[in-house]
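**Student:** Chains as they are written, first to last, in our numbering: chain A, -4 to 315; chain B, 507 to 784.
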């Protein structure tokens, strides 16, 4: 397992380098240089002044050299400064990252907590009507715009203002209960679509497993129905569900970006949007790079969990 | 493809019916709309849905008829979705089949690029591309299309890899057929099944992505009606005028559901290996 983890970690390096190259060069494709953005529209700089400014900002070198320098700075945690506020980019992002991660994680937990039990329950009753209902529900889950669902929830729950704290955001450390109540609706709005998908996968996977020989053996041994379903069937059926859930973390994270806007939550998504509206490229660059890295790492963790619960994966790798 | 199996599949048929319903709405909207979708009516601001005024879905903050805006936004959504999917499918498939077919260094590098593009959550990648290209309607098509290119490339490459060493391909080569001929005449028709299913699912995701981009103000710009920017405007109004948010959202959900049902049903019909899977 150790060697497998190391090999997978090493495989991240070229991917992340690729991500950094794409982010760096795409941002440079933007019409109008960052320098002009920095000067704003009120300042008229002559060509000579621009050259001088470029030299001052260290921007007068060939692009590949600039890339290597930029990469070097990023490795030391220097993501540059915002063109609008002049503040260092990284601390601003890091102070907002926990909220976005919390929403994403809560959405994932809610999706699993709703999807898996419903999927298992529905697999125990195999009727044509249940089949179609589950299938359509799963597809409906994929069809809901999360931000719209969130808006509907705000409308529906507006009568329960006392239960859901509105107004200024309260962090998890200051008041965990209030914080969780505040983030419940946003997380539910993002997670419920995935819950429907997970339900469908759990059911399919359970149906497959329940037909296998070892389940018949377990039943024949006289084990209780509950033991057979939970200990024997679900343990194996959950494998593909883990993969589906893991690979959808990116979808949840994307949802968090939009949802923060609906609920006016001060997370990374809002920071990113304002940076885009204001053409604040150092901030955009850093956020995109960070989210992509996060996403790649989450996918790796998903793979590792999968390999951990299913040793066959690693054996396959060796045989190859 | 077996046509009778398609018509007997309730999921696929329901999906097709929904999609055709929207196509019909577009055709109707070309010749007739209840009201002018951009005409303002200062006497009927945020008027609730009613038969008396003729505004069946109510009016928005400028007194514009919501039903008419939804109807004319329908064409916008479908065209963007079709355009983006076509861009992603054609470019991605071409790259993917050449990579799978030629193999070697070309294949290696192309797939590494795909890996990198896969490292961005789709919505983030689309937002990022929009931020670079600027908020124009055709840029929405490009942004979503770029999200799709690696997906189609990976699917078509995988399908080609599983086929390219089979007997019928070698037979074609030994008959003196050229590479392009074998690729487009023999291999491409055989990988259409997974591609068609992917197209259908991509159409649905494109509508969601477009609406999210427009909702964030990065997609279709007002006053042109799009379901996403209608919802964006409704955000501040939904407490006093819920209809401004409810109906455009429902329009999105049903069309997306239609494509999803169609794609799911098509998978049943077209892929015999999955026939028993539910």
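Glycine residues also receive a C-beta, built at the ideal position from the N, C-alpha and C atoms. Note that the structure is predicted; figures quoted are calculated from it, not measured.
Residue 574(B) and residue 627(B) - do their beta-carbons sit closer together than 8 Å?
**Tutor:** Numbered from 1 along the second chain, position 121 holds the residue referred to as residue 627(B). Numbered from 1 along the second chain, position 68 holds the residue referred to as residue 574(B). No, these two residues do not count as a Cβ contact at 8 Å.
**Student:** In angstroms, rounded to a whole number, what distance separates the CA positions of residue 295(A) and residue 304(A)?
**Tutor:** Position 300 of the first chain, counting from 1, holds the residue named residue 295(A). Position 309 of the first chain, counting from 1, holds the residue named residue 304(A). Each residue's alpha carbon lies about 14 Å from the other.
**Student:** For residue 14(A) and residue 45(A), I'd like the C-alpha separation in whole angstroms.
**Tutor:** Locating residue 14(A) in the first chain gives position 19, where the first residue counts as 1. Locating residue 45(A) in the first chain gives position 50, where the first residue counts as 1. C-alpha separation (whole angstroms): 30 Å.
**Student:** Measure the alpha-carbon distance for residue 282(A) versus residue 94(A) and round it to whole angstroms.
**Tutor:** Counting from 1 along the first chain, the entry for residue 282(A) is found at position 287. Counting from 1 along the first chain, the entry for residue 94(A) is found at position 99. Distance between the alpha carbons of residue 282(A) and residue 94(A) is about 14 Å.
**Student:** Beta carbons nearer than 9 Å to chain B: which residues of the stretch 137 to 152 of chain A have them?
**Tutor:** Of all residues in the stretch 137 to 152 of chain A, 137, 138, 139, 140, 141, 142, 143, 144, 146, 147, 149 and 150 have a Cβ within less than 9 Å of some Cβ in chain B.
**Student:** Which residues in chain A have a C-beta closer than 8 Å to the C-beta of residue 638(B)? List them in chain order.
**Tutor:** For the purposes of this step, residue 638(B) is taken as residue 132 along the second chain, with counting starting at 1. Residues of chain A passing the Cβ test: 21, 22, 24 and 25.
**Student:** List the residues of chain A whose Cβ lies closer than 9 Å to the Cβ of residue 714(B), in chain order.
**Tutor:** For the purposes of this step, residue 714(B) is identified with residue 208 of the second chain, where counting begins at 1. Those within 9 Å of residue 714(B) in chain A are 137, 138, 139, 140 and 141.
**Student:** Mind pulling the chain B residues with CB within less than 9 Å of residue 246(A)?
**Tutor:** Looking up residue 246(A) in the first chain gives position 251. Result: 627, 628 and 629.
**Student:** Using a Cβ-Cβ cut-off of 6 Å (strictly less than) and excluding sequence neighbours within five positions of residue 597(B), which residues of its own chain qualify?
**Tutor:** Taking the second chain and counting its residues from 1, one reaches residue 597(B) at position 91. Within the same chain, residue 597(B) has close Cβ partners 655.
**Student:** Using DSSP with H/G/I as helix, E/B as strand and the rest coil, what is residue 774(B)?
**Tutor:** Looking up residue 774(B) in the second chain gives position 268. It is helical.
**Student:** Identify whether residue 553(B) lies in helix, strand or coil by the three-state DSSP scheme.
**Tutor:** Taking the second chain and counting its residues from 1, the one referred to as residue 553(B) is at position 47. Residue 553(B) falls in the coil class under three-state DSSP.
**Student:** Using the three-state DSSP reduction, which class does residue 614(B) fall into: helix, strand or coil?
**Tutor:** Locating residue 614(B) in the second chain gives position 108, where the first residue counts as 1. Residue 614(B): helix per DSSP, three-state reduction.
**Student:** What in chain A is Cβ-close to residue 664(B), meaning under 8 Å?
**Tutor:** The count along the second chain starts at 1 and reaches residue 664(B) at position 158. Correct list: empty, because the minimum Cβ distance to chain A is about 16 Å.
**Student:** For residue 732(B), count neighbouring Cβ atoms within 10 angstroms of its own Cβ and tell me buried if that reaches 16, exposed if not.
**Tutor:** Position 226 of the second chain, counting from 1, holds the residue named residue 732(B). With 16 or more Cβ atoms within 10 Å of its Cβ, residue 732(B) is classed as buried.
**Student:** Check the Cβ of residue 729(B) against every Cβ in chain A and list those closer than 8 Å, keeping chain order.
**Tutor:** For this step, residue 729(B) is matched to residue 223 along the second chain. Going along chain A, no residue has its Cβ under 8 Å from residue 729(B), so there is no contact; the nearest lies around 19 Å.
**Student:** By the three-class DSSP mapping on this structure, what secondary structure does residue 212(A) have?
**Tutor:** As a first step, residue 212(A) is located in the first chain; it is residue number 217 there, counting from the start. DSSP places residue 212(A) in helix when its eight states are reduced to three.
**Student:** Do you know offhand how far residue 755(B)'s Cα is from residue 741(B)'s?
**Tutor:** Within the second chain, the letter at position 249 stands for residue 755(B). Within the second chain, the letter at position 235 stands for residue 741(B). Roughly 12 Å separates the two Cα atoms.
**Student:** Would you call the stretch 185 to 200 of chain A in contact with the stretch 246 to 258 of chain A, where contact means no fewer than 3 C-beta pairs closer than 8 Å?
**Tutor:** yes
**Student:** Does the distance from the CB of residue 603(B) to the CB of residue 693(B) come in under 8 Å?
**Tutor:** By one-based count along the second chain, residue 603(B) stands at place 97. By one-based count along the second chain, residue 693(B) stands at place 187. Yes, these two residues count as a Cβ contact at 8 Å.
**Student:** Could you give the distance in angstroms between the alpha-carbon of residue 72(A) and the alpha-carbon of residue 65(A)?
**Tutor:** The residue labelled residue 72(A) in the question sits at position 77 within the first chain. The residue labelled residue 65(A) in the question sits at position 70 within the first chain. Rounded to the nearest whole angstrom, the C-alpha separation of residue 72(A) and residue 65(A) is 11 Å.
**Student:** Who does residue 571(B) pair with in a DSSP beta bridge?
**Tutor:** As a working mapping, residue 571(B) is identified with position 65 in the second chain. Looking at the DSSP assignment, residue 571(B) forms a beta bridge with 565(B).
**Student:** Measuring straight from C-alpha to C-alpha, what distance separates residue 318(A) and residue 687(B)?
**Tutor:** Residue 318(A) lies beyond the stretch modelled for chain A, which goes from -4 to 315, so this question has no answer here.
**Student:** Quick check: is the beta carbon of residue 622(B) nearer than 8 Å to any beta carbon in chain A?
**Tutor:** The residue labelled residue 622(B) in the question sits at position 116 within the second chain. Answer yes: the Cβ-Cβ gap between residue 622(B) and chain A drops below 8 Å somewhere.
**Student:** Given a cut-off of 8 Å, decide if residue 129(A) and residue 194(A) are closer than it, judged by their beta-carbon atoms.
**Tutor:** For the purposes of this step, residue 194(A) is taken as residue 199 along the first chain, with counting starting at 1. For the purposes of this step, residue 129(A) is taken as residue 134 along the first chain, with counting starting at 1. Taking C-beta atoms as the reference points, residue 194(A) and residue 129(A) count as a pair closer than 8 Å.
**Student:** From residue 781(B) to residue 197(A), what distance separates their C-alpha atoms?
**Tutor:** Reading the second chain from its first residue, position 275 is the one you call residue 781(B). Reading the first chain from its first residue, position 202 is the one you call residue 197(A). Low per-residue confidence applies at residue 781(B): pLDDT is 46, beneath 50, and the placement is therefore not dependable, though the value from the model is reported in the following sentence. Between residue 781(B) and residue 197(A), the C-alpha separation is close to 18 Å.
**Student:** According to a CB-to-CB cut-off of less than 7 Å, which residues of the stretch 736 to 756 of chain B neighbour chain A?
**Tutor:** Correct list: 737, 741, 744, 745, 748, 751 and 755.
**Student:** First and last residue of the alpha helix (DSSP H) that includes residue 690(B)?
**Tutor:** Along the second chain, one-based indexing puts residue 690(B) at 184. Segment: none, residue 690(B) is in no alpha helix (DSSP H) and carries neither H nor E.
**Student:** Alpha carbon to alpha carbon, what distance is there between residue 645(B) and residue 6(A)?
**Tutor:** Position 11 of the first chain, counting from 1, holds the residue named residue 6(A). Position 139 of the second chain, counting from 1, holds the residue named residue 645(B). Approximately 33 Å, taken between the alpha carbons.
**Student:** Determine the contact status of residue 268(A) and residue 722(B), defining contact as a CB-CB distance below 8 Å.
**Tutor:** Reading the first chain from its first residue, position 273 is the one you call residue 268(A). Reading the second chain from its first residue, position 216 is the one you call residue 722(B). Yes, they are a contact pair.
**Student:** Under a CB-based cut-off of 8 Å, is residue 717(B) close to chain A?
**Tutor:** For the purposes of this step, residue 717(B) is taken as the residue at position 211 of the second chain. For residue 717(B), the answer is yes, since a Cβ of chain A falls inside 8 Å of its Cβ.
**Student:** Tell me whether the stretch 102 to 119 of chain A and the stretch 226 to 243 of chain A touch, counting them as touching only if at least three CB pairs, one residue from each stretch, are closer than 8 Å.
**Tutor:** yes
**Student:** Find out if the Cβ-Cβ distance for the pair residue 524(B), residue 715(B) is shorter than 8 Å.
**Tutor:** One-based indexing of the second chain puts residue 524(B) at position 18. One-based indexing of the second chain puts residue 715(B) at position 209. No, Cβ-Cβ distance for residue 524(B) and residue 715(B) is not below 8 Å.
**Student:** Measure the alpha-carbon distance for residue 631(B) versus residue 551(B) and round it to whole angstroms.
**Tutor:** By 1-based counting over the second chain, the position of residue 631(B) is 125. By 1-based counting over the second chain, the position of residue 551(B) is 45. For residue 631(B) and residue 551(B), the distance between alpha carbons rounds to 37 Å.
**Student:** Just checking: is the beta-carbon of residue 671(B) within a distance shorter than 8 Å of some beta-carbon in chain A?
**Tutor:** Looking up residue 671(B) in the second chain gives position 165. No - not a single Cβ of chain A is within 8 Å of the one on residue 671(B).
**Student:** According to the neighbour-count rule (16 or more other Cβ atoms, all chains shown, within 10 Å of its Cβ), is residue 315(A) buried or exposed?
**Tutor:** Along the first chain, one-based indexing puts residue 315(A) at 320. Caution applies to residue 315(A), whose pLDDT of 41 falls short of 50 and renders its modelled position unreliable; the model cannot decide the point.
**Student:** Would you kindly work out how many angstroms separate the C-alpha atoms of residue 80(A) and residue 256(A), rounded to a whole number?
**Tutor:** Looking up residue 80(A) in the first chain gives position 85. Looking up residue 256(A) in the first chain gives position 261. Going by the C-alpha atoms only, they are around 21 Å apart.
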